[in-house]
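Scroll down for the structure; my scribbles are underneath it.
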C-alpha cells in the first residue's frame, strides 16, 4: 500500500493533495490490485478525495481489482454518498455495465441491497443494463423479483 492509499483511507484530504501534487502514482495498486480510487469510493466521507482523483486526466476510472471490480462496483454498494459517487464516476466515463469476476455489474450490486433502490434506479436511468446473471438468478424471492422487475 502506498502513502496515497493510506491518505485516502484516512480521508486525509491535505495529505492526498500534497502527494498528488508531488507526482504520486494515482493508479498504483496494492496487494489486492486496488487503486486509491477504489478506496476513495469504498470508504465513507471520502467524496472530496474521490473528486480530486477523478479530476486527474491520468486516472484509470475503470481500474479492476483482483475480483475484477471497478470503483463503480464499490460505489454502487455504498449507502452514504453512493449515488453522488456513482454520478461522479459516470460523468468521468466509468463503464456502467462493467462485469466483475462473478459476472455482476454495478447495478447487480445495488439491487442486492433493498436500501440501495434509489442508486439502482439511478443506474437504470443512466442506461445500466440488467445483467444476464441477475435475470437468471433463481435465488430471489417472488417479492424481490417483483421489485426488480418494477425498476
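In the working numbering, the protein residues as written are 1011 to 1161. Virtual Cβ for every residue (Gly too), placed ideally from N, Cα, C.
By DSSP, does residue 1065 sit in helix, in strand, or in coil? coil
Residue 1120: first and last residue of the uninterrupted alpha helix (DSSP H) it sits in: 1116 to 1122
Helix, strand or coil at residue 1089 according to DSSP, with G and I counted as helix: coil
In whole angstroms, what separates the C-alpha of residue 1080 from that of residue 1070? 10 Å
In the DSSP assignment, find the alpha helix (DSSP H) that holds residue 1027 and state where it starts and stops. Counting along the chain, the alpha helix (DSSP H) containing residue 1027 begins and ends at 1023 to 1031.
Spatial distance of residue 1040 from residue 1047 (CA atoms): 12 Å
Answer with buried or exposed for residue 1132, where buried requires no fewer than 16 other C-beta atoms within 10 angstroms of its C-beta. Burial call: buried.
Does the Cβ-Cβ distance between residue 1064 and residue 1098 come in under 8 Å? Yes, these two residues count as a Cβ contact at 8 Å.
Specify the secondary structure class of residue 1052 as computed by DSSP and reduced to three states. In the structure shown, residue 1052 adopts helical secondary structure according to DSSP, grouped into three states.
Straight-line CA distance for residue 1051 to residue 1032? 22 Å
Among residues of its own chain, excluding the 5 on either side of residue 1017, which ones have a beta-carbon nearer than 7 Å to its beta-carbon? 1025, 1026, 1029
Cβ of residue 1021 within 8 Å of Cβ of residue 1053? Cβ distance < 8 Å, so residue 1021 and residue 1053 count as in contact.
Element boundaries [alpha helix (DSSP H), containing residue 1102]: Neither: residue 1102 is in no alpha helix (DSSP H) and is coded neither H nor E.
Rounding to the nearest angstrom, what Cα-Cα distance links residue 1104 and residue 1066 in this structure? 14 Å
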